[in-house]
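Asker: Got a structure for you, written out below as structure tokens; questions coming shortly.
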Amino acid sequence: MKTKITELFGIEHPIIQGGMHYVGFAELAAAVSNAGGLGTITGLTQGTPEKLANEIARCQEMTDKPFAVNLTFLPSLTPPDYPGLVQVIIDAGVPIVETAGRNPAEYLPALKEAGIKVIHKCTSVRHSLKAQSIGCDAVSVDGFECGGHPGEDDIPNFILLPRAADELEIPFVASGGMADARSLVAAMALGAEGMNMGTRFIATQDAPVHQNVKDAIVNASELDTRLIMRSLTNTERVLNNDAVERLMEKEKALGDKLRFEDIVDEVAGVYPKIMHEGTMEVGAWSCGMVAGLVSDIPTVKDLIDSIMTEADSIINQRLSNF
Ligand SMILES: Cc1cc2nc3c(=O)[nH]c(=O)nc-3n(C[C@H](O)[C@H](O)[C@H](O)COP(=O)(O)O)c2cc1C
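When we follow my numbering, the leftmost residue of the sequence shown carries the number 162, and every step to the right adds one.
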């Protein structure tokens, strides 16, 4: 399938794996890229520029196809070494960067000068237009359904995607709630040039996370995610568990007086324990409503192949028969 996104990134299928903290390691990124999609290494998870350089080198050994690095800009008391991470990405010849979190304008000139394509992930039409105006090549439009940070507007993709299509000139992919061929065809009908998936890619054999994480997604329904940290204007969609219940009790009790320090036990430093050790109840971890559509743990290749085959039959049989 040829779309503006496959052409822009030099990939076979219009399917992107979004950056995911403690999930987006070389194994998953390479598996997605080898299957014809665009895999993504999560920059901040690696910790330092040196470790990111190693991870990129590992991925380059596993695939000769294009892959991306995600750079998430978070508010932080001790910010990561963003200039160092950007330099490593440039030096390693990574062709695509997925930015997220806040406006990436500061780093765009360096990335563009190196010929790197930038796809910015954002949750509103106004932020998408901003990304376009500062020179991003594409956007990943993340609807309210998404796992991770859906922003504060709460606009689901059935509204957000056609609104983006009405306003944007650069191509965009649909992100949030995407799981299968139906998602892809629907996203394209709403104006997207492809789709970005997070949660669905965690429940694959290639994702380098503990089996408990994959099983938790398979066992979850679309009713099992919760929104946390709204009063901190840092809303995150996570899978419900004991820690999330505890956290929400504190949110209820403290209301607008809640500070990050009040919930630090439930959110800080929990990802390695969950993703690597499989201690699922230790804290809050991002997960999309789309978990309700995930009922198996295929290889990435089987997942992407089946999406493309079924998309073809939806377009050429089901829809063309109407
Ligand atoms: C466990 C997990 C961790 C994530 N970590 C990040 C991250 O570090 N940076 C980022 O830009 N997006 C992150 N995301 C968001 C995904 O890249 C993607 O936009 C989102 O999962 C799409 O929604 P979906 O889960 O419904 O497919 C994360 C998502 C999940 C599920």
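Don't be surprised by glycine CBs; every beta carbon is placed ideally from N, CA and C.
Model, not experiment: these values are computed from the prediction.
Does the Cβ-Cβ distance between Ile476 and His371 come in under 9 Å?
Answerer: Start at 1 with the first residue of the sequence shown, and residue 476 comes out as number 315. Start at 1 with the first residue of the sequence shown, and residue 371 comes out as number 210. Result no, Cβ atoms of Ile476 and His371 do not sit closer than 9 Å.
Asker: Quick one: is Pro265 buried, meaning 16 or more other Cβ sit within 10 Å of its Cβ, or exposed?
Answerer: The sequence position of residue 265 within the sequence shown is 104, counting from 1. Buried, since its Cβ has 16 or more Cβ neighbours within 10 Å.
Asker: Across the region 408-418 and the region 356-366, are there enough close Cβ pairs to call them in contact, namely three or more that are closer than 8 Å?
Answerer: Flag = no, the region 408-418 and the region 356-366 do not touch.
Asker: With a Cβ-Cβ cutoff of 9 Å, do Gly337 and Gly449 count as a contact?
Answerer: Within the sequence shown, the letter at position 176 stands for residue 337. Within the sequence shown, the letter at position 288 stands for residue 449. Yes, these two residues count as a Cβ contact at 9 Å.
Asker: When the Cα atoms are used, what is the spatial distance from Ile257 to Ala414?
Answerer: Residue 257 sits at position 96 when you count from the first residue of the sequence shown. Residue 414 sits at position 253 when you count from the first residue of the sequence shown. Rounded to whole angstroms, Ile257 to Ala414 spans 44 Å at the Cα level.
Asker: Please state the DSSP three-state secondary structure of Ser336.
Answerer: Position 175 of the sequence shown holds residue 336. The answer is strand: DSSP assigns Ser336 an E or B state.
Asker: Using the three-state DSSP reduction, which class does Arg263 fall into: helix, strand or coil?
Answerer: Along the sequence shown, one-based indexing puts residue 263 at 102. Arg263 falls in the coil class under three-state DSSP.
Asker: Do you know offhand how far Val431's Cα is from Ala326's?
Answerer: Numbered from its first residue, the sequence shown carries residue 431 at position 270. Numbered from its first residue, the sequence shown carries residue 326 at position 165. The straight-line gap from Cα to Cα measures roughly 37 Å.
Asker: Would a C-beta distance cut-off of 9 Å place Pro210 and Val255 closer than the cut-off?
Answerer: Along the sequence shown, read from residue 1 onward, the residue named residue 210 stands at position 49. Along the sequence shown, read from residue 1 onward, the residue named residue 255 stands at position 94. Contact: no.
Asker: Secondary structure at Val356, three-state DSSP: helix, strand or coil?
Answerer: Along the sequence shown, read from residue 1 onward, the residue named residue 356 stands at position 195. Sequence inspection shows Met at residue 356; the Val mentioned does not correspond to that position. In this structure, Met356 counts as strand in the three-state DSSP scheme.
Asker: Look up His288 in the DSSP assignment and say whether it is helix, strand or coil.
Answerer: As a working note, residue 288 is residue 127 in the sequence shown. In this structure, His288 counts as helix in the three-state DSSP scheme.
Asker: Just mark Asn402 as buried or exposed, buried being the case when its beta carbon has 16 or more other beta carbons within 10 Å.
Answerer: Position 241 of the sequence shown, counted from the first residue, corresponds to residue 402. Flag for Asn402 reads buried.
Asker: Which value, in whole angstroms, describes the spacing of the CA atoms of Asn231 and Arg324?
Answerer: On the sequence shown, position 70 is the one that residue 231 refers to. On the sequence shown, position 163 is the one that residue 324 refers to. Those two C-alpha atoms are separated by around 25 Å.
Asker: Output needed for Ala187: all residues of its chain with C-beta closer than 7 Å, excluding positions within five of it in sequence on either side, in chain order.
Answerer: For the purposes of this step, residue 187 is taken as residue 26 along the sequence shown, with counting starting at 1. Hits under 7 Å: Ile202, Glu216, Arg219, Cys220, Met223.
Asker: Are Val428 and Met339 close, meaning C-beta to C-beta below 9 Å?
Answerer: Position 267 of the sequence shown, counted from the start, is the residue given in the question as residue 428. Position 178 of the sequence shown, counted from the start, is the residue given in the question as residue 339. For Val428 and Met339, no; Cβs fall outside 9 Å.
Asker: With hydrogens ignored, establish whether the beta-carbon of Leu269 is closer than 8 Å to any heavy atom of ligand 1.
Answerer: Locating residue 269 in the sequence shown gives position 108, counting from the first residue. No.
Asker: I need the straight-line Cα distance from Val405 to Gln478, nearest angstrom please.
Answerer: In the sequence shown, the residue the question calls residue 405 occupies position 244. In the sequence shown, the residue the question calls residue 478 occupies position 317. Between Val405 and Gln478, the C-alpha separation is close to 44 Å.
Asker: The alpha helix (DSSP H) that contains Asn401, what's its start and end?
Answerer: Locating residue 401 in the sequence shown gives position 240, where the first residue counts as 1. From DSSP, Asn401 is part of no alpha helix (DSSP H); its letter is neither H nor E.
Asker: Any heavy atom of ligand 1 closer than 8 Å to the Cβ of Cys297?
Answerer: On the sequence shown, position 136 is the one that residue 297 refers to. Outside the cutoff, so no.
Asker: Count the other CB atoms, across all protein chains shown, that sit within 10 Å of the CB of Ala350; report buried if there are 16 or more and exposed otherwise.
Answerer: Within the sequence shown, residue 350 is the residue found at index 189, counting from 1. The residue in question, Ala350, is exposed, as its Cβ has fewer than 16 Cβ neighbours within 10 Å.
Asker: Restricting to runs no shorter than 3 residues, where is the beta strand (DSSP E) found entirely within the region 188-238?
Answerer: Runs of the beta strand (DSSP E) inside the region 188-238: 200-203, 228-233.
Asker: Please classify Gln248: does DSSP put it in a helix, a strand, or coil?
Answerer: Position 87 of the sequence shown, counted from the first residue, corresponds to residue 248. If DSSP states are grouped into helix, strand and coil, Gln248 belongs with the helices.
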